[in-house]
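Okay, so the sequence shown: first residue is 100 according to the numbering used here, each after it adds one. I have placed the structure first, in the form of structure tokens, so that the comments after it can refer back to it.
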Amino acid sequence: MSEELAEGEETEDYSVFENKTGLAEDMKFLASMPELCDVTFLVGDTREPVCAVKAVLAARS
100 MSEELAEGEE TEDYSVFENK TGLAEDMKFL ASMPELCDVT FLVGDTREPV
150 CAVKAVLAAR S
């Protein structure tokens with residue numbers, strides 16, 4: 100223990116990350132950035148491209 104600390108004094112050895120947005124907002128952001136996607140689905144009759152991330156798909160399947 101450091102000599103600078105008083106006896107019985109505790110230090111924080113961790114940090115807390117507070118996400119200010121929800122998961123849905125984070126996923127929308129991710130989908131809006133095709134350069135972050137590593138797979139593309141062609142959806143519907145018009146074959147509209149929808150990008151996704153393999154790791155997210157695997158985690159949610």
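Glycine included, C-beta positions come from ideal geometry on N, C-alpha and C. Quick caveat: nothing in here was measured; it's all calculated off a predicted structure.
Checklist entry - On the premise that residue 115 lies in contact with residue 136, defined as a C-beta separation below 8 Å, what is that separation, rounded to the nearest angstrom? => result As a first step, residue 136 is located in the sequence shown; it is residue number 37 there, counting from the start. As a first step, residue 115 is located in the sequence shown; it is residue number 16 there, counting from the start. The pair is not a contact, with the Cβ atoms about 30 Å apart (cut-off 8 Å).
Checklist entry - Candidates 112, 134, 143 and 129: which alpha carbon is nearest residue 156's? => result Position 57 of the sequence shown, counted from the first residue, corresponds to residue 156. Of the candidates 112, 134, 143 and 129, the one whose C-alpha sits nearest the C-alpha of residue 156 is 129.
Item to check | Per-residue DSSP class, three states only, for residue 119 | outcome: In the sequence shown, the residue the question calls residue 119 occupies position 20. Coil.
Next on the checklist: Considering just the uninterrupted stretch of the beta strand (DSSP E) at residue 149, what are its terminal residues?
Outcome noted: Counting from one through the sequence shown, the residue named residue 149 turns up at place 50. Segment 147 to 151, the beta strand (DSSP E) holding residue 149.
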